[in-house]
Every structure is written in C-alpha cells, then in structure tokens.
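Student: Taken in sequence, the protein lines are chains U, G and W. Under the numbering used here, the first residue of the first sequence carries the number 6, and numbering increases by one thereafter. Under the numbering used here, the first residue of the second sequence carries the number 88, and numbering increases by one thereafter. Under the numbering used here, the first residue of the third sequence carries the number 8, and numbering increases by one thereafter. All residues carry an ideal CB built from backbone N, CA and C; glycine is no exception. As the structure is a computational prediction, the values presented were derived from the model and not from experiment.
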Amino acid sequence: MNTLGMKSWIALAVVAVLLAALPLVGSNYFLRIATTVCMYAVMAQSWNFIGGLAGYPSFATAAFFGFGAYTSAILQNHDAPMLLAWGSAGLAAFLFAAFLGGAILHLRGHYFAIASLIIAEMLREIVNTLPDFTGGGKGLNLPFLRISVTAQAQFFFYAMLALAILCTGAAIVIHRSKLGFGLRCIQQNEDAASILGVNAYGYKTAAFCLSAVFVGVAGAIYASWVNYIDPPDVFDVLLAIKPMVMVLLGGLGTIFGPPLGAVILLSFEELVWRSFLTVHAAALGFIIVVLVLFLPNGILALVRERLVGRGTVT
Amino acid sequence: MIYLQIAANGLVLGGLYACIAVGFSLVWGVLNVINILHGTFIVLGSYVAYFAYVHLGIHPFVSIAIAGGMLYALGHALQAGIINRVITAPVLITLTLTFGLDLILNNAMLVAFTADYRGITLAHPFRSLEIGPVFLPGDRVAAMALAILLTLLLYRLLRDSKIGRAIVAVRMDREAAALMGVDIKRINAITFGIGAFMAGAAGALLSIIFPISPLNSPVFLGKAFVVCVLGGLGSVPGALAGGLVLGVIESFGSYWLGAERAVTLSLGLLLLVLFVRPSGLTGRRGYE
Amino acid sequence: MSVGAPKLAIERLQAGYGDVQVLWDITIEVGTGELVCLIGSNGAGKTTLMRCISGLLAITAGQIVVDGRSMAQATPADFLRAGIVHVPEGRRLFSAMSVRDNLLMGAYLRDDKERIAEDLDRVYAMFPILAERRRQDAGTLSGGEQQMCALGRGLMARPSLVLIDELSLGLAPRVMELLSERLREINRSGVAVLLVEQDVMNALELATRAYVIDQGRVTKAGLSASLASDPAIREAYMGIA
C-alpha cells in the first residue's frame, strides 16, 4: 500500500479512536448531535460515489434512506431482531438501487437528476397507498430498547459511528481501486471511457448501489433511534440536498471532504440557525449560494491551496 | 357522456399547465438551467394578483401584466447578477444554485405571507358556459383562453421578432450566435426574465383557481417538469401539447383513481417517458 | 496589391487553450480587397487563428489591427462592427431556423431595415437555390446549399473582410466551382477574403497571396503562383513528388 493510502487509514483510525471516546466527555444532548453528524457523514460519503466520482447528480439519497427505514421498521414489526433488520435494510437498498439503476442510469445530466428526485416521491406515494403494510400516512412505530436513556444515546452513537467508519473505509478502498479510477473516467467523458473498454454500465450501477447500501442502513438505524417514522420524515427532499451540499462544501470526489462537510454544515446549523428558526431554510439557501459562487471546489481544496501553494498538482 | 365533461375539464386544466410550463421549458432549453425557482415565481405571481385584487380591486386577469412585469424584473436581475456566473458549470452546480435561491425566496414568502392558504373569490365572476352536455365555469375557461393566448404570443415573439430569433439562435448554437454579434449574457438574462414573466403571468391566472400558498410551489414545479419531459424542451408547441396531454390524463386519473392518486399517476407517467423517450413528444433534441 | 493601411494586420500573435499553446509568433496581413489564403494540414492552428480574428478566442500575446486600429479586448460584435465576418468551419447554421431567418441573423447588428432587405435580395440573386428554399429549415439543406447559406449569412453583415474556414469540406467539385466563382465575384466587388483551405490547389488558384501554417507557425508566405510551383509545397500538400 502506498504512503497516501496508509495516511488515509491512519487518519481514519485516529478519528475513530477519538470519536469513540466521546461518550466519556459528552452529554446526551451532545451525543445526539454527534450521532446526527455521523449519519449525515454516511449519506454524504455515499452520495460522493455516484455524484462525486461518477459525476451523476443523484437526488435518490432520500429514497434510499426512507427505503431502508421502512424495510427495517416493517421487518421489526414482524418480530425480526433489530440488527438483522438493519443488515437486511442495507441489502434491500442495494438491490433496489441495482433495479432502479437499470431503469434510469441511461439518462444523463438533468434527466437523470429529475428521475432520481421523483423516486422518493413515488416511494412516498406507495407507502401512503399501502397502509396495512406500511402504516400509511399515520407512520410506523418501532420497538423501544429496554435500556436507560444514556445507554440508548451511547448505543446509537456507536452504531452510527461504526457505520460511518465502515463507509469511509469503503471509500478509501474504492477511490483508489480500479472502480474508482473507472468512475472518474466516466465523469470526464463517458463515451470515450466506454470505447477504451471501461464497463460504463456496470461501474455506474456499482456506484449507484454503493450510494444506496450504507444510506439504507443509516435509515434503518435512524428509525430504531427515533422509534417512529412517517413518509414526510424519511423521504424529505432535504435528505437528498444536504448531503450534496456537504460534499460540495468539503470537496467533490475527495475521501475526507464529505465527512468534513457534514461536520461544518451541521455545526453551522446547531450554532446559528437554531436561534433563527423561521429563516432556517433561507439560511441553508444562503450557504448554498455562497458555496456555489465562491467555493466551487470546496473547503478542502482551499486549504490545500493555502498549504501547498498554487500551481502544484496534489 | 361524463367522459366528455372530464375531457373538457382536462383541456381547460391543460391550457393552464402549458402556460405554467412554457417559461420553464424556455429557460431549460436555451440556458440549460433547470430553474427550481419557477414554482416559487408562479406562487409569487399569484400573491401579486391576490393583493392587487384585495387591496386595489384590480382583476387578476389585469394583474397578468403587473405580476408578469414584476417577475420579469426579478428574474432578469437574478440571472444577470447571480446565475450567469455559473451558467457554463455542470448540471449539479446550476441545479444546486437555483435550489438554494429557491430556499431563500420561498422562506421569505413564508415569513412575509405565512403558509395560510388564501384564495380569490371574484365579486363578479363570469357566467358559466354550457356547450352541449359539457358545463364549464366561465372564469376557468377565460383563464385557459388567456393562458393559451399568452403562450401563442410567446411563440410569435420567438419566431418573428429580432430578439426572439436571437434567443432561438443562442439555443441552437451559442458560439455561432456570438459570431453574429449576439450579446450572449444579455440574451441569457432576457430569456430568464421572459421565463419569470410567464411564471408570474401564469400565477396571476391560477390565483382564481388554485389556493395560494408558498407550500404549493413544488406542486407547480412538478407540473412544469412533467410537461417539459412530455412535450420536449425549449419548444412552445411541445409545452402546449404536453400541457394538454397532462391535463387530460390527470382529469381522467382523478376520476378513476381519486385526486391524490392522479398526482402519482403523472409522476409515474414522467418516469415512464424518461425511461422510454427522454426527448418527449415533439422529440427535438433537448440538453442531456 | 494593397493601398494604404492594410485591412487586417496581425503581428506576432500567440494564442492557445488553457495551458496548451497553439499559435506562435503569427504575422499575417490582408490588404483591402485582397484574396489571401491560409493553407496547412489538419491541426496546424488555422481554425484557432480564425477564432482569434473574429473575437471568439482571446490572444495571449501580439496584436490584431483592423484599419489601423488595435482590436485588443474586442468582442465578436466589435469585430463585426469593424467589418470582419467569420464564416465558421462546419457552417454552423441554426439548423431548425429557416434559411431566411438564418440570413437575417447575419444582419443582427444592423438596423437599416431597407438596406437589409436589399442585401437579402442580393444574396437570393447570387444563390437562387436559397431563394427557392427560403422557408425551409436550414438543417434540411444539402452540404453545398448549406455552405451557400453560411456564406450568404456572412454577406448580410456587409463585411469588408470575410474569413472563410474550410469552404470546400465535403462538397462535390461542381458545387465547389460555383462557390469559387461566387467568391471571386464577392472579392471583385471590393470585399477582402481570407480563405482557410485544406484543398490547396483550389486555394492557390483563387488567392493572389498565400501563407503556409505548420504546427502553429507561419512557415512560408508569398504569391500563390510561386508557392504553387514550390516543390516542397507540392510534395507536402498536393501529393506531387
């Protein structure tokens, strides 16, 4: 393994150890925020596979999240053990993405974006129209864990943290693999890549499925965490938008950009917007506009420029 | 015979849908930008018509010009000042930008007007029309007629005026248009302004039919999407065809499956068309 | 022979795309009413040079001087107003617009309606087939007709210098002859022409002077007659040993 790869693993290990110590110093409230950060880090990192590497602007993250949440909730309501339900949700999301990919990955640009956006709406409608199975508009309850509030906070934090580490580890592997390289070629020029022998369809589908599997598990963990889900909650379009913004913020196509973006955006939310509830949405909108106009390559690129100096290829 | 009524309702609705979509389609076709703000522009147009009626007694049909003019100015400014900076960037960037701008504008409207649904009840509504077995509320028919008229006026503008020719030329070949001396930045701003104008005008027309609230903007945006994909991008006849088709399908869908399912139906239709023939009914090459 | 300040004078021009430099130290002149051609193989930089002269591409060094005035920072519209029209490679007609609308687009910057109508008639007279097809979409025309339309569109701007990039590409010899004849007519009426051509024989026949561009530099210049009999040119570009 080359030095750059080693650096990434070491960085990941250090962060993991530091974060694992969090419950020792943080309040339950703080742990809840940290859990949310881990969840969004997973979603941002996952989106990066299809949006950052392959260059396909997917809005399907909300669909995969809700799909995973509902799969897990329904399984648990039929007496499946929680961890099994979580794993199944991930697998189901993976298969769903494979199926969906067959239907929409031949589209490009705007058309792909719209199609992926609509999937969440369609799933929401399907849930609404099958209330006996899914609880419909009234939502679904999930079984409570019979442990203390503090223990719950710690448990779900560790669950999301583990998922985030797993997902980032996958990213380290994928970004440096043949798949990662192929995806970057596809983003540059898909037709040329195909002609050169890259299996564009297979790679795109792989990226799409990767963008779904961890998000599905995240949705499942979220459902167990909050004990109640309903369609507007888990299919919310912001679940598709915020991860995208986080990746743009941190650095498109990088490994540590997505989690960094998640930390920054959510910190902003926590510190600033909670005080301005009525303009919450506008504040996010403002950040997006500033980001797109002035920081198109994300913060990581800005930092690199300052440290390494302009004109250097990193 | 009820089918004739349903079809008629669908056509009336469809004319309005065409007007909703044509500005969106123009911007997408010429600038290659999906204007997420479009739905919010429409709602803003509705509010202009509402306040003009409630406070000044101006009939919403007259507000078409007022709302249209105000939205033109807003759209032109937004494009020239902000959106044009990233006009050549990939889809992800422009889409995210208009999404962010929409969050701001929509939130501003929520704060200013609250989410409460408002409606206009006209003091002197038009009489209803009865054409054979079909019964049509006069105001709706008038709104539809105006919607189609506006759409046709836009078509004439694009085909017969110098600026219209320039807009179409930019759509077809930006560089060749530049070689003719066309100021691309200016055309971009004008086109976006026209798109906003059509949205504002549509909003004024819709204010007498649909409830007015910032919460409705995604609904209108969704309709615009479906019509564009059905009818093909950047084409006025396409928007007209797509609008009428969507109106009729929704009308029958509502009757057979209920109103909420009708929305799902149109989304499903959208997905189907995307899957089978992304360039739409009139098939002109859109942007990928 | 040119009298007074040349219509177009390019001095030590350099240009490229991003980090890739394509043109080095180009010095070229076109006198008022001259017919000059630019020959060279594919990728030599001819089209890039055309794009610089019409304002589509910014130059990185050197100057472009038109009628004695510097065109630094000029936009395509500025070049048009200075009387320079670029008929681009591949014609680049507005394919779903009618022939008539395409021609009218050529007169976009003008607002003298009557004279525009006169010029339109003149183009129709020069190319009767365009008059016949005036309401048809330009994309439905044959290759030769499209070239005529592109040339006509250029003429609608009342240029004093026409830049033509690849007149003969994909055209049958008969059509090429017609176009060459029209080009001579246009030149005889006082309009200067800078013709970029891959068909070297044709180009040297039409033009009085020629420049040879190779790998972004001007390697030879002179009267067409002498270049046509230059053995190196004959071997490299005309396949005559």
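For E130 (chain U), report the span of its alpha helix (DSSP H) as first-last.
Tutor: Taking the first residue of the first sequence as position 1, residue 130 (chain U) is located at position 125. Element bounds for E130 (chain U): G114 to T134.
Student: Under three-state DSSP, which class holds V30 (chain U)?
Tutor: For the purposes of this step, residue 30 (chain U) is taken as residue 25 along the first sequence, with counting starting at 1. Helix, per DSSP.
Student: Leaving out five residues before and five after G144 (chain U) in sequence, what residues of the same chain have Cβ atoms less than 8 angstroms from its Cβ?
Tutor: Here residue 144 (chain U) refers to the residue found at position 139 when the first sequence is read from its first residue. Excluding positions up to five away in sequence, the list reads Y233, I234, D235, P236 and D238.
Student: Taking only the alpha-carbon atoms, compute the straight-line gap between F362 (chain G) and Y116 (chain U) and give it to the nearest angstrom.
Tutor: Sequence index remark: in the second sequence, residue 362 (chain G) carries index 275 (1-based). Sequence index remark: in the first sequence, residue 116 (chain U) carries index 111 (1-based). Cα-Cα distance, rounded: 10 angstroms.
Student: Using the rule of at least 16 other Cβ atoms within 10 Å of the residue's Cβ for burial, across every protein chain shown, is H163 (chain G) buried or exposed?
Tutor: What you label residue 163 (chain G) is simply residue 76 of the second sequence in a count that begins at 1. Counting Cβ neighbours within 10 Å, H163 (chain G) comes out buried, since at least 16 surround it.
Student: State yes or no: is the C-beta of A286 (chain U) within less than 7 angstroms of the C-beta of N194 (chain G)?
Tutor: By one-based count along the first sequence, residue 286 (chain U) stands at place 281. By one-based count along the second sequence, residue 194 (chain G) stands at place 107. Contact flag set, yes.
Student: What residue does the alpha helix (DSSP H) around G202 (chain U) start on, and which one ends it?
Tutor: Here residue 202 (chain U) corresponds to residue number 197 of the first sequence, with the count starting at 1. Neither: G202 (chain U) is in no alpha helix (DSSP H) and is coded neither H nor E.
Student: With a CB to CB cut of under 6 angstroms and the five nearest residues on each side skipped, what residues in its chain are close to P298 (chain G)?
Tutor: Here residue 298 (chain G) is taken as the residue at index 211 of the second sequence, counted from 1. Once the five neighbours on either side are set aside, the close Cβ partners of P298 (chain G) are Y204 and G206.
Student: What is the DSSP secondary structure of D74 (chain W), reduced to helix, strand or coil?
Tutor: Translated into the one-based positions of the third sequence, residue 74 (chain W) becomes position 67. Three-state DSSP puts D74 (chain W) in coil, outside helix and strand.
Student: Does DSSP put Q205 (chain W) in a helix, a strand or coil?
Tutor: As a first step, residue 205 (chain W) is located in the third sequence; it is residue number 198 there, counting from the start. Coil.
Student: Using 7 angstroms as the limit for Cβ to Cβ distance, is E274 (chain U) near chain G?
Tutor: As a first step, residue 274 (chain U) is located in the first sequence; it is residue number 269 there, counting from the start. Residue contact check for E274 (chain U) against chain G: no CB pair falls below 7 angstroms.
Student: Note down, in chain order, every chain W residue with its Cβ under 7 angstroms from the Cβ of L245 (chain G).
Tutor: By 1-based counting over the second sequence, the position of residue 245 (chain G) is 158. By Cβ distance, chain W contributes nothing, its closest Cβ being about 10 angstroms from L245 (chain G), past 7 angstroms.
Student: If you measure between the beta carbons of P147 (chain G) and A160 (chain G), is that distance less than 7 angstroms?
Tutor: Taking the second sequence and counting its residues from 1, the one referred to as residue 147 (chain G) is at position 60. Taking the second sequence and counting its residues from 1, the one referred to as residue 160 (chain G) is at position 73. No.
Student: Fully enclosed by the region 52-99 of chain W, which beta strand (DSSP E) runs are 3 residues long or longer?
Tutor: DSSP assignment within the region 52-99 of chain W yields the following whole beta strand (DSSP E) runs of 3 residues or more, N-terminal first: 68-73 and 91-94.
Student: So, does the CB of P136 (chain U) fall closer than 7 angstroms to a CB anywhere in chain G?
Tutor: For this step, residue 136 (chain U) is matched to residue 131 along the first sequence. Not one chain G Cβ lies under 7 angstroms of P136 (chain U).
Student: Look at A205 (chain U) and E195 (chain U) and say whether their C-beta atoms are less than 7 angstroms apart.
Tutor: Taking the first residue of the first sequence as position 1, residue 205 (chain U) is located at position 200. Taking the first residue of the first sequence as position 1, residue 195 (chain U) is located at position 190. In contact: A205 (chain U) and E195 (chain U) (Cβ atoms closer than 7 angstroms).
Student: Spatial neighbours of L69 (chain G) within its chain, please: C-beta separation below 7 angstroms, excluding the five flanking residues on both sides.
Tutor: Lying before the first or after the last residue shown, residue 69 (chain G) is absent from chain G, which here runs from 88 to 375.
Student: Please report the straight-line C-alpha distance between M285 (chain G) and I129 (chain G), rounded to a whole angstrom.
Tutor: Looking up residue 285 (chain G) in the second sequence gives position 198. Looking up residue 129 (chain G) in the second sequence gives position 42. Going by the C-alpha atoms only, they are around 8 angstroms apart.
Student: If you reduce the DSSP assignment to three classes, tell me which class A276 (chain G) lands in.
Tutor: Here residue 276 (chain G) refers to the residue found at position 189 when the second sequence is read from its first residue. Helix, per DSSP.
Student: Can you list, in chain order, the stretches of the beta strand (DSSP E) that have 3 or more residues and sit fully within the region 113-201 of chain W?
Tutor: 168-172
Student: Could you compute how far the alpha carbon of Q157 (chain U) sits from the alpha carbon of A164 (chain U)?
Tutor: Your numbering for residue 157 (chain U) matches position 152 in the first sequence. Your numbering for residue 164 (chain U) matches position 159 in the first sequence. If I take the Cα positions, the gap works out to 10 angstroms.
Student: Quick one: measure Cβ to Cβ for A16 (chain W) and T67 (chain W), integer angstroms, because I've assumed they're closer than 8 angstroms.
Tutor: Counting from 1 along the third sequence, the entry for residue 16 (chain W) is found at position 9. Counting from 1 along the third sequence, the entry for residue 67 (chain W) is found at position 60. So it is not a contact: roughly 18 angstroms between Cβ atoms.
Student: Taking only runs of the alpha helix (DSSP H) that begin and end inside the region 112-160 of chain G, which ones reach a length of at least 4 residues, in chain order?
Tutor: 125-143
Student: Got a sec? Which residues, its chain only, sit under 6 angstroms from G97 (chain G) by beta carbon, not counting five neighbours each side?
Tutor: Walking along the second sequence from the start, residue 97 (chain G) turns up at place 10. Around G97 (chain G): G334, V335 and S338.
Student: List the whole-angstrom C-beta distance separating D260 (chain G) from R99 (chain W), where the pair is believed to meet the contact cut-off of C-beta under 8 angstroms.
Tutor: On the second sequence, residue 260 (chain G) is found 173 positions in, with the first residue counted as 1. On the third sequence, residue 99 (chain W) is found 92 positions in, with the first residue counted as 1. Contact holds; Cβ gap of about 5 angstroms.
Student: If you reduce the DSSP assignment to three classes, tell me which class V277 (chain U) lands in.
Tutor: Indexing the first sequence from 1 puts residue 277 (chain U) at position 272. If DSSP states are grouped into helix, strand and coil, V277 (chain U) belongs with coil.
Student: Take the Cβ of F307 (chain G) as the centre, count every other Cβ of all protein chains shown within 10 Å, and call the residue buried at 16 or more, exposed below.
Tutor: Position 220 of the second sequence holds residue 307 (chain G). It is buried - the Cβ of F307 (chain G) has at least 16 other Cβ atoms within 10 Å.
Student: Using a Cβ-based criterion (distance less than 6 angstroms to any ligand heavy atom), does S353 (chain G) qualify as near the ligand ATP?
Tutor: In terms of ligand content, the structure shown is empty, and the ligand ATP therefore cannot be addressed.
Student: Mapping DSSP to helix, strand and coil, what is E36 (chain W)?
Tutor: Residue mapping note: residue 36 (chain W) aligns to position 29 of the third sequence, counting from 1. Strand, per DSSP.
Student: Might you give, ordered along the chain, the residues of its own chain that have their beta carbon closer than 7 angstroms to the beta carbon of G292 (chain W), omitting 5 neighbours on each side?
Tutor: Because chain W is modelled from 8 through 248, residue 292 (chain W) falls outside the range shown and cannot be assessed.
Student: Please specify which runs of the alpha helix (DSSP H), each continuous and at least 4 residues long, are wholly inside the region 249-296 of chain G, giving them in chain order.
Tutor: Residue ranges of uninterrupted alpha helix (DSSP H) with 4 or more members, entirely inside the region 249-296 of chain G and ordered along the chain, are 249-259, 261-266 and 271-293.
Student: List, in chain order, every chain A residue whose beta-carbon is nearer than 7 angstroms to that of L161 (chain G).
Tutor: Looking at the structure shown, chain A is missing, and the protein chains on hand are U, G and W.
Student: What does a CB cutoff of less than 7 angstroms around L243 (chain U) pick up in its chain, not counting 5 residues either side in sequence?
Tutor: Taking the first sequence and counting its residues from 1, one reaches residue 243 (chain U) at position 238. Excluding the 5 residues flanking it on each side, L243 (chain U) has no same chain C-beta neighbour closer than 7 angstroms.
Student: Run through DSSP, which three-state label would L356 (chain G) get?
Tutor: On the second sequence, residue 356 (chain G) is found 269 positions in, with the first residue counted as 1. DSSP places L356 (chain G) in helix when its eight states are reduced to three.
Student: Between N171 (chain G) and chain U, is there a C-beta pair that is closer than 7 angstroms?
Tutor: Here residue 171 (chain G) refers to the residue found at position 84 when the second sequence is read from its first residue. N171 (chain G) does not count as touching chain U.
Student: Between N275 (chain G) and chain U, is the shortest Cβ-Cβ distance under 7 angstroms, so that the two count as touching?
Tutor: What you label residue 275 (chain G) is simply residue 188 of the second sequence in a count that begins at 1. No, its Cβ sits nowhere closer than 7 angstroms to a Cβ of chain U.
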